[in-house]
Ligand SMILES: [Zn+2]
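Protein chains in written order, with our numbering: chain A, 2 to 398; chain B, 4 to 159.
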């Protein structure tokens, strides 16, 4: 892989998030985005005068708005600024942070504002996602945003009992985290004794994927301000440093040619390359927290193995021993993750934002105990796109 | 003779339904309900830069100021500041061509709004022309509760 070290260090100096919910009738799109932008500027103690460039993104076709970056200027503050619009699917929020990281690292801009948003209740998610499928081979034969591929794989490998329990345990752990996060869209207050009932009675969607396993459709926005090392140190007492990020897209959207399907998933490929080039031999030991883009409990449970380069059932043992809970060996999604809120164009950025807040130590009621020196956040796109973003408390690598 | 580049090439005809809703927000909603119920046109004033925005907005994007509560009523009469003539026909267009889309600066506003201008030969529209809103007889709960604008005096 062609890869060069960053030209200069980049720090996160401001973070803004709206509350996530199913409906935001009280605000239109630019008004909702403005809430996150204002929050990020206040967090950083900056004004729009300090911002050199704005990168803006969401899913294509979801709200049926063409070129939202232009008319959202009323909320983004991008008037007269250099600006980009990016859209890469579920990964969009991660792509926005990655692009801002690149723009600052390259020296193009000193301070970049990245904004991700979605108002899923205004659009038709499955209608939009249908466009992803190949018009010739797949468009008439697909299931929109829903799939049970991870369930099929897990049940084949570990048997239905263990696999279904692991997915439900994962789901309840995420809900317990979500209940602590004031920005959660969905926080049910689930408890362990509901597992059997939910495994049996939650409405079935596809195969063994049930409604309770799946993320929501949310409204909300996230904004982050990234600055060069020199600026970041002037603007902020404790910037969170973006050590590295990797963006990988190498799998087919649909598994058309089974024999050609790569054995190594995009997640594992991305993780392996990122850790190798940063000299990290034991990621489970190195990182203090992981914010994962987990669109369903089945995926979340399965992907732990790939992201931490684990073998066998090591990922299941982490779940079964509740080591992924706050206070555990590897807290995953103290925010509640994507199961707590999924405003898609913002979702992947929220993972980075939440990981960065954990590093700063001011995440709020869902701040995990202990010092967080090293954090990682993942992004996932429906076409098997993976972005991993590594955050550090200290500039010492 | 059949173009060999096109022979034996199958073309798929598809259609995607992409329904959507749009949340107008409280600021946009207030504009629409006062237009519908009181037949008045309202804007919001940014006290930092002293500009009145019509249609209204929650934030002055130049001052980054929250202006949502600073409502002012503007006149339903104003001046044409710019216009164009739509000369082609298509399903999405609100009138049969030729018709005029004009940017109209209402008295009391600092930003022009775009609307249909009727009652004047498209070739006789001039900058500075005084025009007034003609409200729609039945409500649509949209900006089209102003059906169109028309000149207040016979054009010269
Ligand atoms: Zn102003």
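Ideal Cβ positions, reconstructed from N, Cα and C, are used throughout, including at glycine. Note that the structure is a prediction, hence the values are computed from the model and not measured.
Can you pull the DSSP bridge partners for residue i?
i, result
"residue 245 of chain A", "A:391"
"residue 135 of chain B", "B:80 and B:153"
"residue 114 of chain A", "A:55 and A:226"
"residue 371 of chain A", "Note: residue 371 of chain A sits in no beta bridge, so no partner."
"residue 11 of chain A", "A:229"
"residue 89 of chain A", "A:91"
"residue 211 of chain A", "A:205"
"residue 277 of chain A", "Beta-bridge pairing links residue 277 of chain A to no other residue."
"residue 381 of chain A", "A:387"
"residue 17 of chain A", "A:224"
"residue 159 of chain A", "In the DSSP output, where bridge partners are listed per residue, residue 159 of chain A has none listed."
"residue 69 of chain B", "B:62"
In this structure, does DSSP put residue i in helix, strand or coil?
i, result
"residue 260 of chain A", "Only weak support exists for where residue 260 of chain A lies, its pLDDT of 44 falling under 50; the coordinates are left without a value."
"residue 228 of chain A", "strand"
"residue 129 of chain B", "coil"
"residue 100 of chain A", "helix"
"residue 323 of chain A", "coil"
"residue 176 of chain A", "helix"
"residue 356 of chain A", "helix"
"residue 205 of chain A", "strand"
"residue 138 of chain A", "coil"
"residue 53 of chain B", "coil"
"residue 45 of chain B", "strand"
"residue 84 of chain A", "strand"
"residue 306 of chain A", "helix"
"residue 285 of chain A", "helix"
"residue 36 of chain B", "helix"
"residue 11 of chain B", "coil"
"residue 106 of chain B", "strand"
"residue 86 of chain B", "strand"
"residue 130 of chain A", "helix"
"residue 396 of chain A", "coil"
"residue 376 of chain A", "strand"
"residue 145 of chain B", "coil"
"residue 120 of chain A", "strand"
"residue 401 of chain A", "Residue 401 of chain A falls outside the range modelled here, since chain A spans only 2 to 398, and no answer is possible."
"residue 120 of chain B", "strand"
Name the residue from the options whose alpha carbon lies nearest to the alpha carbon of residue i.
i, options, result
"residue 342 of chain A", "A:29, A:122 and A:113", "A:122"
"residue 8 of chain A", "A:95, A:94, A:19 and A:102", "A:102"
"residue 369 of chain A", "A:377, A:359, A:348 and A:277", "A:359"
"residue 221 of chain A", "A:351, A:89 and A:174", "A:351"
"residue 310 of chain A", "A:323, A:129, A:299 and A:274", "A:274"
"residue 113 of chain A", "A:65, A:11 and A:3", "A:11"
"residue 324 of chain A", "A:87, A:272 and A:286", "A:286"
"residue 136 of chain B", "B:117, B:85 and B:15", "B:117"
"residue 333 of chain A", "A:301, A:363 and A:157", "A:301"
"residue 217 of chain A", "A:126, A:276, A:291 and A:137", "A:126"
"residue 230 of chain A", "A:4, A:14 and A:141", "A:14"
"residue 110 of chain B", "B:16, B:62, B:91 and B:77", "B:77"
"residue 389 of chain A", "A:128, A:158, A:269 and A:233", "A:269"
"residue 246 of chain A", "A:49, A:182 and A:106", "A:106"
"residue 291 of chain A", "A:367, A:56, A:379 and A:170", "A:379"
"residue 65 of chain B", "B:72, B:57 and B:51", "B:51"
"residue 17 of chain B", "A:138, A:200 and A:206", "A:138"
"residue 146 of chain A", "A:289, A:384, A:397 and A:391", "A:384"
Output needed for residue i: all residues of its chain with C-beta closer than 6 angstroms, excluding positions within five of it in sequence on either side, in chain order.
i, result
"residue 251 of chain A", "267"
"residue 316 of chain A", "305 and 306"
"residue 155 of chain A", "164 and 303"
"residue 327 of chain A", "335 and 369"
"residue 52 of chain A", "112 and 114"
"residue 110 of chain A", "53, 54 and 104"
"residue 128 of chain B", "86 and 103"
"residue 200 of chain A", "165 and 169"
"residue 59 of chain A", "118, 119 and 346"
Excluding the five sequence neighbours on either side, which residues of its own chain have a C-beta within less than 8 angstroms of the C-beta of residue i, listed in chain order?
i, result
"residue 395 of chain A", "242 and 374"
"residue 33 of chain A", "19, 25, 76, 118, 120, 220, 221 and 222"
"residue 144 of chain B", "35 and 39"
Take residue i and list the residues in its own chain whose beta-carbon comes closer than 7 angstroms to its own, dropping the five residues that flank it on each side.
i, result
"residue 122 of chain B", "153 and 154"
"residue 16 of chain A", "41, 44, 225, 354, 357 and 358"
"residue 382 of chain A", "89, 90, 91 and 92"
"residue 96 of chain B", "89"
Mind listing which residues of the stretch 26 to 51 of chain A have their C-beta closer than 9 angstroms to chain B's C-betas, in chain order? Residues of the stretch 26 to 51 of chain A whose Cβ lies closer than 9 angstroms to any Cβ of chain B, in chain order: 26, 27, 28, 29, 30, 31, 32, 33, 35, 38, 39, 42, 48 and 49.
Select from the stretch 22 to 35 of chain B all residues with a C-beta closer than 8 angstroms to any C-beta belonging to chain A, and list them in chain order. Under the 8 angstroms Cβ criterion, the stretch 22 to 35 of chain B contributes 22, 23, 24, 25, 26, 27, 28, 29, 30 and 31.
Give the residues from the stretch 57 to 69 of chain B that approach chain A closer than 8 angstroms (Cβ to any Cβ), ordered along the chain. 60, 61, 62, 64, 65 and 67
Taking any Cβ of chain D, which residues in the stretch 125 to 154 of chain A have a Cβ under 8 angstroms from it, in chain order? In the structure shown, chain D does not exist; the protein chains are A and B.
Where the stretch 101 to 125 of chain B meets chain A: residues whose CB sits under 7 angstroms from a CB there: none
Return the residues of the stretch 312 to 341 of chain A that lie within a Cβ-Cβ distance of less than 8 angstroms from chain B, sorted by chain order. Taking 8 angstroms as the cut-off between beta carbons, none of the residues of the stretch 312 to 341 of chain A comes near chain B.
Near-chain B residues of the stretch 65 to 89 of chain A - C-beta to any C-beta below 7 angstroms: Listed in sequence order: 65, 74, 75, 76, 78 and 80.
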